[in-house]
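Asks: Okay, handing you the structure first.
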């Protein structure tokens, strides 16, 4: 079974441009999470979805960030306009509804974003 | 902050034993995770403790004390390939993927 798939793996963009990161969770997983990792702040949750519905977006840093999950197999994280401080690795993760063991949370390979 | 703390860096030599500590403060605690992360890669799951005590698996073990808000990851017979960042994280509530991470402990194993 394929794992969590993210694209692009690497993106370099200019300040002010729109950035769209994509994620395909593992089939059958009801929860999808977007995390951001920086040297200064470590790994932080931005937003998560349950059955395609956003549950908690309190980690989204500001209005420039938005996330959608139009169906069970696809989610996007959009930054518009991007700023240099948005440079980070963005991870998508998913887990099934009946997660009772910690070994059921799966991370994608990450999208490395550099805003210049 | 996320109320979880771990040392920034540790070093050790091959064959040695190292203990990476993690302290946290939260309500609604639902388990303590350890992840390993190599540079440029995604975190990979190592262990999950929800009850107090020590869980051992080969060269590795993880300990949890809920009353003290304390966990550690113990690595024995260290190998060069154990060099990585070790992240502890706790879960709150019933959503296990909703994790609060420490900033990671960068472990360097020297020959």
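Chains as they are written, first to last, in our numbering: chain R, 111 to 226; chain C, -6 to 104.
Yeah, the Cβ is synthetic: ideal placement off N, Cα and C, and Gly gets one too.
(1) Please list, in chain order, the chain R residues whose beta carbon lies closer than 7 Å to that of residue 36 (chain C).
(2) Let me know if residue 179 (chain R) comes out buried or exposed under the rule of 16 or more other beta-carbons within 10 Å of its beta-carbon.
(3) Say whether chain R places a C-beta atom closer than 7 Å to the C-beta of residue 94 (chain C).
(4) Checking contacts by CB at 7 Å: is residue 153 (chain R) closer than that to chain A?
(5) Step through the CB atoms of chain C and report whether any lies within less than 7 Å of the CB of residue 138 (chain R).
(6) Per DSSP, residue -2 (chain C) forms a beta bridge with which residues?
(7) Taking the C-alpha atoms as reference points, what is the distance between residue 167 (chain R) and residue 156 (chain R)?
(8) Figure out for me which residue from C:-3, C:9, C:40, C:6 has the closest Cα to the Cα of residue 19 (chain C).
(9) Near residue 123 (chain R), what residues of its chain come up, given a Cβ to Cβ distance below 8 Å and the 5 sequence neighbours on each side ignored?
(10) Would you please verify whether the beta carbon of residue 113 (chain R) is less than 7 Å from any beta carbon of chain C?
Replies: Put simply:
(1) What residue 36 (chain C) touches in chain R: 217.
(2) That one is buried.
(3) True, the Cβ-Cβ gap to chain R drops below 7 Å.
(4) Of the protein chains in this structure, namely R and C, none is chain A.
(5) Taking 7 Å as the threshold, the shortest C-beta distance from residue 138 (chain R) to chain C does not fall below it.
(6) Note: residue -2 (chain C) sits in a beta bridge opposite C:16.
(7) Between the alpha carbons of residue 167 (chain R) and residue 156 (chain R) lies a distance of about 6 Å.
(8) Nearest neighbour of residue 19 (chain C) by Cα position, chosen from C:-3, C:9, C:40, C:6, turns out to be C:-3.
(9) So the list reads 129, 192, 223, 224, 225, 226, once near-sequence residues are dropped.
(10) Chain C contact via Cβ: absent.
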